[in-house]
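In my numbering, the protein residues as written are 17 to 524.
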Amino acid sequence: MEKEVRVRFAPSPTGPLHIGGVRTALFNYLFAKKNNGTFILRIEDTDQTRYVPGAEEYIVESLKWTGINIDEGFTVGGPYGPYRQSERKDIYRQYAEQLVENGYAYYAFDTPEELDDMRERLKKSGVAAPQYNSVTRSYMKNSLTLPKEEVKARIESGEPYVIRLKVPRNEEIKIYDIIRKWVVVNSSKIDDKILLKADGMPTYHLANVVDDHLMKISHVIRGEEWLPSTPLHVLLYKYLGWEDEMPEFAHLPLILRPNGNGKLSKRDGDLLGFPVYPLEWKDPKTSEVYMGYRETGYFPEAFINILVFLGWSPGTDQEFFTMDELIKEFSLERVGKAGAKFDVDKARWFNHQYLMKKSNKELAEMFLPEVEKRGYKVDMEKMERIAGFVKERAHFITEFWDHAYYFFDEPKEYDEKSKRKFWTEEGKKHLEAILKILNENKNAPIDTIEKSIKAYITDNGFPFGKVLNALRLALTGVSKGPSLFEIIDIIGVEEAIRRVEKAIKMIG
């Protein structure tokens, strides 16, 4: 019988959610839905010193924006709660003590100073990466080296201690990873990790394994950075007697910088001017504000398409997927193990494609608040026409104003290069002729105005470019844009006359 698919996304509330975390959540969600499974949101907050206020709410809002629905977790409840590790503190100690009882873990009483001395001695003797391990534990202060009576007395006196995993000295640990296939690690490369800290809180390693087991997690899908910890987790499953119920593992490839050199970080986004977080984040300590995909103008459906292609391939040429289509097509077998390079231009392109798919009415409604914020009142029919002209030139709704400002007010600046080229004495004469035509046709339909201006050009043998570009500059301040006659129709002939008059005065 096939096991029930249960996956979890388990972020730590230590700050904003990186897009790598959102991708992990997305891949877990797609895998769960593809297999009629359950998607769980668990908060791993065992390190209370790193807790950041607002981070939990940010995580939930990010998932909601991207369309990732939580089946079970700290926001919606479920049969295996609580879903915050800080609320499960009492659960973990019994398993840590069980490991000690069965000879797989031990109490360690070493002070920070003693640990520093140990590392210093090892460094001096040529050990590059000193560890508390199967060799060094033999001369440290722990329940493996101290008499039982002394260990008991130390614990009863309230002396601080941690519980460490007793990692075997030279044992091959084999892990099957759905993406990477067989991974073999020698235990000599693993240190005796702390499982329970002196304050009674578990470390990630113990809490993660215990929670995954108790919550019946069937597949652990997480970032590549957790692969080095997996041998340790495999040992814990084995020592706790859960080896037969161990989840399957899949470690996702890193998201790399645009140049492919190293892991994508917040700093890369700052330097290159693109977000690395799904939503805008204001640091509660520094008040520094970081860009978000939502606020930059990305559509959630474009965002998930960008993310899913960072490591996954459908095996076809299809580039645009709805969430339902992704659920149908997704498989972990089509996730690569090589790092996925983040392509800023491709991300913008994706959003532009989704923008183009939207109706002018939808876009007008999205753009309207920006127009109203600036104090302009425009009827929706004109807003829809403006949206239709602008959408081909913009990647985001947030760019609409830069491409459409002249529909609402006269230009305050004029492109200098175009002024030198088109606003000459000859250009002035063309504008004066057009002004006359506009004044004569104040109440005429736009088709009549267009025919009259074009007749002036053709009848006199003038180059269309020189005449119309001089007019475009007068009306918009720039040398490119939608049809001039559409612009005149929207802003009105009276406003067009005023702008042309202003241009003629500027030429002198």
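By construction, the Cβ of each residue, glycine as well, lies at the ideal position given by its N, Cα and C atoms.
- Query: Just the Cα atoms here: how many angstroms apart are residue 365 and residue 497?
  - Reply: 20 Å
- Query: For residue 518, which of 457, 467, 432, 428 has the nearest alpha-carbon?
  - Reply: 428
- Can you grab the Cα-Cα spacing for the pair residue 464 / residue 285, in whole Å? 51 Å
- Item | residue 32 and residue 293 closer than 8 Å at C-beta | With respect to residue 293, residue 32 sits close: the two C-beta atoms are nearer than 8 Å.
- From what residue to what residue does the beta strand (DSSP E) around residue 508 run? From DSSP, residue 508 is part of no beta strand (DSSP E); its letter is neither H nor E.
- Please go through the stretch 126 to 200 and give each complete beta strand (DSSP E) segment of 3 or more residues, from N-terminal end onward. Taken in chain order, the whole beta strand (DSSP E) runs of length 3 or more contained in the stretch 126 to 200 are 178 to 181, 188 to 193.
- Message: With a threshold of 7 Å on Cβ separation, who are the neighbours of residue 154 within its own chain once the five nearest residues in sequence on each side are excluded?
- Response: 161
- Message: How far does the alpha helix (DSSP H) with residue 285 in it extend, from its first residue to its last?
- Response: 282 to 288
- If residue 81 sits next to residue 316, beta carbons under 8 Å apart, how far is it from one beta carbon to the other, in whole angstroms? 5 Å
- Query: Apart from the five residues on each side of it in sequence, which residues of its chain come closer than 7 Å, Cβ to Cβ, to residue 121?
  - Reply: 112, 115, 179, 180, 181, 182, 211
- Query: Do you know offhand how far residue 233's Cα is from residue 252's?
  - Reply: 15 Å
- Message: Beta-carbon within less than 6 Å of residue 37's beta-carbon, same chain only, minus the 5 sequence neighbours each way: which residues are those?
- Response: 27
- Message: Mapping the DSSP letters down to three states, classify residue 89 as helix, strand or coil.
- Response: strand
- Whose C-alpha, out of 110, 457, 477, is nearest the C-alpha of residue 468? 457
- Query: Under three-state DSSP, which class holds residue 47?
  - Reply: helix
- Item | Cutoff 7 Å; reference residue 230; Cβ partners in own chain excluding five residues on either side | The residues are 96.
- Between which two residues does the alpha helix (DSSP H) containing residue 109 stretch? 105 to 117 is the span of the alpha helix (DSSP H), which, as asked, contains residue 109.
- Supposed contact pair residue 327 and residue 356 - C-beta distance, whole angstroms, cut 8 Å: 4 Å
- Task: Compute the Euclidean distance between the alpha carbons of residue 136 and residue 175, then round it to the nearest angstrom.
- Result: 24 Å
- Task: Give every residue of the same chain whose Cβ lies closer than 6 Å to the Cβ of residue 148, excluding the five residues on either side of it in the sequence, and list them in chain order.
- Result: 207, 208
- For residue 189 versus residue 204, is the C-beta spacing smaller than 8 Å? no
- Are residue 99 and residue 59 close, meaning C-beta to C-beta below 8 Å? yes
- Query: With 16 as the cutoff for other CB atoms within 10 Å, does residue 395 come out buried or exposed?
  - Reply: exposed
- Message: On the criterion of 16 or more Cβ atoms from any shown chain inside 10 Å, does residue 49 qualify as buried, or is it exposed?
- Response: buried
- Message: Within 10 Å of its beta-carbon, does residue 192 have 16 or more other beta-carbons around it, so buried, or fewer, so exposed?
- Response: Exposed, since its Cβ has fewer than 16 Cβ neighbours within 10 Å.
- Query: If you check the beta carbons only, do residue 30 and residue 74 fall under 8 Å apart?
  - Reply: In this structure, residue 74 does not lie closer than 8 Å to residue 30 by Cβ.
- Message: Quick check on the DSSP output: the beta strand (DSSP E) that includes residue 253 runs from which residue to which?
- Response: First-last for residue 253: 246 to 255, but that is the alpha helix (DSSP H), not the beta strand (DSSP E).
- Query: Nearest to residue 426 by alpha carbon, out of 484, 490, 276?
  - Reply: 490
- Let me know if residue 287 comes out buried or exposed under the rule of 16 or more other beta-carbons within 10 Å of its beta-carbon. Under the 10 Å beta carbon count, residue 287 is surrounded by fewer than 16 other beta carbons and is classified as exposed.
- Message: The beta strand (DSSP E) that contains residue 264, what's its start and end?
- Response: 264 to 268
- Item | Top-ranked residue by Cα proximity to residue 172, from 441, 52, 123 | 123
- Item | For residue 280 and residue 347, the rounded distance between their alpha carbons | 24 Å
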